[in-house]
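Right, one structure below, let's go through it.
Number of protein chains: 4
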Amino acid sequence: MDEATWHRRTEWPLVIASLAFLIAYSWRVIADLSGLARDVTTWILAVTWLLFICDYVVRLALARFRGAWFRRHLGALTFAVLPTLRLVLLLRVLTRIPGMRLSAGAALRTRIVVYGTGVAIVLIYLASLTVLDAERHAPGATIVTFGDAIWWSCVTVTTTGYGDLVPATDEGRLVGTGLMFVGVALSGVITATLASWIVERASRGGDDAEPATRGQVRELIAKVDALGEPVTGSERTEDPTTTPD
Amino acid sequence: MDEATWHRRTEWPLVIASLAFLIAYSWRVIADLSGLARDVTTWILAVTWLLFICDYVVRLALARFRGAWFRRHLGALTFAVLPTLRLVLLLRVLTRIPGMRLSAGAALRTRIVVYGTGVAIVLIYLASLTVLDAERHAPGATIVTFGDAIWWSCVTVTTTGYGDLVPATDEGRLVGTGLMFVGVALSGVITATLASWIVERASRGGDDAEPATRGQVRELIAKVDALGEPVTGSERTEDPTTTPD
Amino acid sequence: MDEATWHRRTEWPLVIASLAFLIAYSWRVIADLSGLARDVTTWILAVTWLLFICDYVVRLALARFRGAWFRRHLGALTFAVLPTLRLVLLLRVLTRIPGMRLSAGAALRTRIVVYGTGVAIVLIYLASLTVLDAERHAPGATIVTFGDAIWWSCVTVTTTGYGDLVPATDEGRLVGTGLMFVGVALSGVITATLASWIVERASRGGDDAEPATRGQVRELIAKVDALGEPVTGSERTEDPTTTPD
Amino acid sequence: MDEATWHRRTEWPLVIASLAFLIAYSWRVIADLSGLARDVTTWILAVTWLLFICDYVVRLALARFRGAWFRRHLGALTFAVLPTLRLVLLLRVLTRIPGMRLSAGAALRTRIVVYGTGVAIVLIYLASLTVLDAERHAPGATIVTFGDAIWWSCVTVTTTGYGDLVPATDEGRLVGTGLMFVGVALSGVITATLASWIVERASRGGDDAEPATRGQVRELIAKVDALGEPVTGSERTEDPTTTPD
Numbered sequence: 017m018d019e020a021t022w023h024r025r026t027e028w029p030l031v032i033a034s035l036a037f038l039i040a041y042s043w044r045v046i047a048d049l050s051g052l053a054r055d056v057t058t059w060i061l062a063v064t065w066l067l068f069i070c071d072y073v074v075r076l077a078l079a080r081f082r083g084a085w086f087r088r089h090l091g092a093l094t095f096a097v098l099p100t101l102r103l104v105l106l107l108r109v110l111t112r113i114p115g116m117r118l119s120a121g122a123a124l125r126t127r128i129v130v131y132g133t134g135v136a137i138v139l140i141y142l143a144s145l146t147v148l149d150a151e152r153h154a155p156g157a158t159i160v161t162f163g164d165a166i167w168w169s170c171v172t173v174t175t176t177g178y179g180d181l182v183p184a185t186d187e188g189r190l191v192g193t194g195l196m197f198v199g200v201a202l203s204g205v206i207t208a209t210l211a212s213w214i215v216e217r218a219s220r221g222g223d224d225a226e227p228a229t230r231g232q233v234r235e236l237i238a239k240v241d242a243l244g245e246p247v248t249g250s251e252r253t254e255d256p257t258t259t260p261d
Numbered sequence: 017m018d019e020a021t022w023h024r025r026t027e028w029p030l031v032i033a034s035l036a037f038l039i040a041y042s043w044r045v046i047a048d049l050s051g052l053a054r055d056v057t058t059w060i061l062a063v064t065w066l067l068f069i070c071d072y073v074v075r076l077a078l079a080r081f082r083g084a085w086f087r088r089h090l091g092a093l094t095f096a097v098l099p100t101l102r103l104v105l106l107l108r109v110l111t112r113i114p115g116m117r118l119s120a121g122a123a124l125r126t127r128i129v130v131y132g133t134g135v136a137i138v139l140i141y142l143a144s145l146t147v148l149d150a151e152r153h154a155p156g157a158t159i160v161t162f163g164d165a166i167w168w169s170c171v172t173v174t175t176t177g178y179g180d181l182v183p184a185t186d187e188g189r190l191v192g193t194g195l196m197f198v199g200v201a202l203s204g205v206i207t208a209t210l211a212s213w214i215v216e217r218a219s220r221g222g223d224d225a226e227p228a229t230r231g232q233v234r235e236l237i238a239k240v241d242a243l244g245e246p247v248t249g250s251e252r253t254e255d256p257t258t259t260p261d
Numbered sequence: 017m018d019e020a021t022w023h024r025r026t027e028w029p030l031v032i033a034s035l036a037f038l039i040a041y042s043w044r045v046i047a048d049l050s051g052l053a054r055d056v057t058t059w060i061l062a063v064t065w066l067l068f069i070c071d072y073v074v075r076l077a078l079a080r081f082r083g084a085w086f087r088r089h090l091g092a093l094t095f096a097v098l099p100t101l102r103l104v105l106l107l108r109v110l111t112r113i114p115g116m117r118l119s120a121g122a123a124l125r126t127r128i129v130v131y132g133t134g135v136a137i138v139l140i141y142l143a144s145l146t147v148l149d150a151e152r153h154a155p156g157a158t159i160v161t162f163g164d165a166i167w168w169s170c171v172t173v174t175t176t177g178y179g180d181l182v183p184a185t186d187e188g189r190l191v192g193t194g195l196m197f198v199g200v201a202l203s204g205v206i207t208a209t210l211a212s213w214i215v216e217r218a219s220r221g222g223d224d225a226e227p228a229t230r231g232q233v234r235e236l237i238a239k240v241d242a243l244g245e246p247v248t249g250s251e252r253t254e255d256p257t258t259t260p261d
Numbered sequence: 017m018d019e020a021t022w023h024r025r026t027e028w029p030l031v032i033a034s035l036a037f038l039i040a041y042s043w044r045v046i047a048d049l050s051g052l053a054r055d056v057t058t059w060i061l062a063v064t065w066l067l068f069i070c071d072y073v074v075r076l077a078l079a080r081f082r083g084a085w086f087r088r089h090l091g092a093l094t095f096a097v098l099p100t101l102r103l104v105l106l107l108r109v110l111t112r113i114p115g116m117r118l119s120a121g122a123a124l125r126t127r128i129v130v131y132g133t134g135v136a137i138v139l140i141y142l143a144s145l146t147v148l149d150a151e152r153h154a155p156g157a158t159i160v161t162f163g164d165a166i167w168w169s170c171v172t173v174t175t176t177g178y179g180d181l182v183p184a185t186d187e188g189r190l191v192g193t194g195l196m197f198v199g200v201a202l203s204g205v206i207t208a209t210l211a212s213w214i215v216e217r218a219s220r221g222g223d224d225a226e227p228a229t230r231g232q233v234r235e236l237i238a239k240v241d242a243l244g245e246p247v248t249g250s251e252r253t254e255d256p257t258t259t260p261d
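Residue numbers (my numbering), protein chains in the order written: chain A, 17 to 261; chain B, 17 to 261; chain C, 17 to 261; chain D, 17 to 261.
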């Protein structure tokens with residue numbers, strides 16, 4: 017079995033594993049589980065995480081050119097190593113919904129908006145869970161409810177940083193640092209996408225005002241070539257006719 | 017009656033309803049109304065809100081292709097569902113003021129600046145009203161005057177977030193979250209518009225240095241075609257003249 | 017006397033007036049003047065401010081088409097109405113330093129960087145003076161030294177907003193609001209200038225890989241026209257030579 | 017010896033000096049050295065700093081056109097004057113790792129990402145060391161551990177600014193101001209790089225849909241010229257043949 021076949025076949029099982037991970041983690045943190053229930057969620061998280069790591073290892077083993085596959089699938093590595101980010105894979109499924117016919121630019125921007133929004137929502141949600149799990153029972157913690165955690169994540173990802181709620185633990189600070197840089201990157205994505213749209217719209221005139229294409233010039237070169245050949249050809253055939261004269 | 021006619025006819029009544037909504041809401045919150053006066057503003061808000069929802073439903077019903085109309089008028093849905101955002105419709109009227117002749121890019125940027133400034137002012141104002149209404153009488157609230165609310169909104173929408181004033185209620189936090197993301201989007205719009213302007217200005221040389229247009233190449237192709245035809249034509253007429261020779 | 021002559025002649029006196037304004041305002045606020053010295057600076061500020069307003073009114077009166085002049089010189093109006101912003105005019109002088117030969121894009125970006133840096137420095141400095149003047153003797157104020165004011169201005173203009181120092185007066189909050197929005201705009205200018213530079217650099221290949229210019233195609237059209245004319249011309253002169261045959 | 021030879025030969029020694037500077041400074045601050053160990057690090061820092069200044073002076077002296085060299089190597093001046101920033105030179109070595117074949121735009125963006133990430137990491141690390149050194153023993157300081165310093169640097173460079181940790185000394189505030197502006201610039205670099213990538217991707221069609229190149233048009237002009245010459249030439253040779261008739 018080759019890597020592509022494996023990837024196609026494991027896609028849906030992995031989506032279900034992602035959902036299991038998400039639900040188990042949400043339940044564990046929001047309900048602040050303890051005892052047996054906490055142990056069960058620990059097992060679910062461990063098993064689903066292991067599934068993703070195995071999937072990555074199998075794909076790497078099945079790939080023909082492992083070096084090239086590794087370099088081209090850095091995203092897959094990220095999904096495999098960080099259990100929280102892996103859920104973004106769900107969005108790949110969401111973006112496959114058939115849409116209207118779009119230009120290359122519009123299609124790219126649509127994908128960026130869908131993925132970007134999805135990544136932002138998933139990361140804010142998971143960061144909220146992780147920070148709440150880390151902070152809740154820490155001494156001097158201010159983030160003690162799920163509402164607090166969501167509010168803090170939004171305040172952090174937009175780099176607003178009121179400072180009313182601040183992580184007190186190292187784990188919370190790590191989540192915060194990640195969220196801030198993700199926020200800077202996401203605001204860059206928003207701005208760049210808008211810039212691409214505005215630049216495209218601003219240059220929109222009639223098709224006649226668009227920059228000439230290479231295709232057009234190739235067509236022209238062919239025409240000029242065709243023009244040159246018969247002319248010199250007919251003159252050559254003319255020359256003999258005139259010489260016998 | 018078709019959808020376009022309805023839209024033209026209901027435009028001004030809806031602008032007046034928007035203003036009524038804005039004035040009633042401002043009066044209600046800033047004056048911190050109670051008793052009968054509060055009930056009157058509640059009624060005005062409810063009726064104007066209902067007007068917008070009815071307008072949306074009627075337009076959808078009148079549209080020929082409802083699916084296509086729905087996808088193309090997501091903005092109208094936003095205006096209908098969220099009473100506060102609906103006032104941005106006023107700006108549509110403002111941008112119709114006839115201006116100077118502008119290039120496609122300059123016209124787009126002018127519209128973006130006018131709409132963007134308008135959206136920012138309306139959202140900051142409405143967010144200030146909403147947060148003041150939510151916070152004012154809440155225990156432990158710091159946003160207690162209209163001046164506080166405006167200052168907090170500006171601090172939030174620019175993602176500065178001093179933290180001197182922070183919402184204490186869930187409704188206030190919701191308004192804050194909205195404002196932060198709007199702020200990130202607005203700063204993206206500012207940057208992207210500036211980038212479009214700079215890119216356009218930076219590439220400005222003489223017209224001779226601009227990228228060749230498709231129109232120019234089409235003109236050239238036609239010329240080459242015209243050149244090719246009479247030449248071979250005259251050669252054909254020449255051939256018989258030379259053959260009789 | 018026409019508007020351009022007036023503008024040339026009043027340029028240097030106004031630069032001196034700007035400097036007088038800046039020095040008087042700096043001295044007044046930093047030294048926390050009182051009594052006679054404060055009155056003297058009040059007079060200097062009032063006179064220099066009046067000079068700028070008079071200059072604007074005279075320029076408007078001298079302009080041929082007042083409507084067009086007004087629309088084209090909104091910057092001059094800003095400089096005339098807001099005394100603090102007027103000092104940015106000094107930068108106009110600074111950017112006239114002759115530099116190296118630059119492409120249109122590089123020249124534009126150089127101007128943006130010089131003006132932008134200048135505007136940022138002037139605004140941060142003036143905002144620091146204004147906020148210090150407003151806050152210093154206010155009850156509950158945290159911005160009480162010039163160092164505090166500069167730090168607060170930098171924290172505000174970059175939209176960092178620690179919240180360790182926060183304006184307590186309405187005037188201070190107004191200055192803060194202005195600084196935040198200026199900060200958003202300036203960060204947009206930085207980003208857009210970088211984007212223009214990167215887009216230009218990214219598309220740089222050999223000159224042969226650059227988009228074809230309109231000038232090139234015009235040269236080509238002229239060549240094709242020249243090619244078409246003599247050919248049909250010589251054929252016409254050939255036709256009579258062959259017909260007598 | 018010319019400047020280029022000197023630069024090639026001193027490259028590796030300077031990298032080692034940079035590393036020595038970094039290790040000495042890290043050890044000094046993190047271990048909070050005192051007595052002899054502190055004096056030793058002071059000497060290492062002084063000597064390595066002096067090495068860089070000497071290198072700059074020698075390069076300037078060896079340059080043929082000193083004015084032009086000075087203007088073209090403002091970066092080298094920055095590295096020589098500010099000891100902390102000088103370590104960024106290490107990245108120049110890192111970016112020389114041979115990569116895959118990339119388009120001009122992709123190569124530029126790769127360099128920007130590598131350098132940008134490196135500059136960000138070095139600056140955050142050095143700012144953390146400097147602020148910790150300045151704050152640790154200051155009265156009323158909140159940044160007292162290396163973890164605090166790193167967290168504060170990340171909160172500052174992303175312009176989040178919670179305000180839980182704020183510098184209390186002038187030196188700390190100076191570092192903070194630098195970090196904030198670096199943060200604004202870095203987020204601009206991220207956004208601009210993303211914009212360049214999106215604009216390039218958005219305009220990607222087949223090669224035929226790319227803007228026509230100057231090279232193509234030059235090829236075409238040569239073809240048209242070649243077409244014009246033989247035609248008039250053969251007509252000239254035809255003319256004599258017909259005139260003798």
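The C-beta atom is built at its ideal place from N, Cα and C for all residues, glycine as well. All values reported here derive from a predicted model rather than from experimental measurement.
Shown here is that no member of the stretch 150-166 of chain C has a Cβ falling below 8 angstroms from a Cβ of chain B. For C:V233, the chain D residues whose C-beta falls within less than 7 angstroms of its own C-beta are V233, listed in chain order. Remark: C-beta atoms of D:L30 and D:D71 approach each other more closely than 9 angstroms. Secondary structure of B:T229 (DSSP, three-state): strand. Shown here for A:L76: same chain residues with a beta carbon closer than 7 angstroms to its own, the five before and five after excluded, namely R82, W85, F86 in chain order. For the set D:Y141, D:L139, D:I140, D:D164, the Cα lying nearest the Cα of D:E151 is the one of D:D164. If you draw a straight line from the Cα of B:R230 to the Cα of C:A20, it comes to about 42 angstroms. The beta-carbon of D:T207 is placed less than 9 angstroms from the nearest beta-carbon of chain A.
Using a CB distance below 8 angstroms, no part of the stretch 60-79 of chain D faces chain A.
No Cβ of chain C is located within less than 9 angstroms of the beta carbon of A:T172. In this model, A:V129 and A:H89 are separated by some 22 angstroms (Cα to Cα). Annotated three-state conformation of A:I39 is helix, per DSSP.
C:M196 sits in a helix when the DSSP states are folded into three classes.
Here DSSP, grouped into helix, strand and coil, assigns C:D55 to helix. Less than 9 angstroms divides the Cβ of C:L145 from the Cβ of C:V45. DSSP, reduced to helix, strand and coil, places B:P29 within a helical segment of the structure shown. With respect to C:T172, C:A143 sits close: the two C-beta atoms are nearer than 9 angstroms. The C-alpha of C:V198 is placed about 14 angstroms away from the C-alpha of B:A136.
For A:A157 against D:I206, the beta-carbon gap comes to about 32 angstroms, at or over 8 angstroms, which does not count as contact. DSSP places D:D180 in the coil class of the three-state scheme, outside both helix and strand. Excluding the 5 residues flanking it on each side, A:R189 has same chain C-beta neighbours closer than 8 angstroms at P183, in chain order. The closest CA to that of C:I39, considering only C:G51, C:L52, C:H23, C:T64, is found on C:T64. Here C:L236 really is in contact with D:I237; their C-beta atoms are around 6 angstroms apart, less than 8 angstroms. Burial of D:A218 is indicated by the presence of at least 16 other C-beta atoms within 10 angstroms of its C-beta. C:M196 and C:V160 have their C-alpha atoms spaced approximately 20 angstroms apart.
Sixteen is the threshold: when 16 or more other Cβ atoms of the shown chains lie within 10 Å of the Cβ of D:D180, as they do, the residue is buried.
With distances taken between CA atoms, D:T57 lies nearest to D:F37 out of D:Y178, D:S203, D:L93, D:F37.
Contact annotation for A:G177 against chain B: G177 [CB-CB distance below 7 angstroms, chain order].
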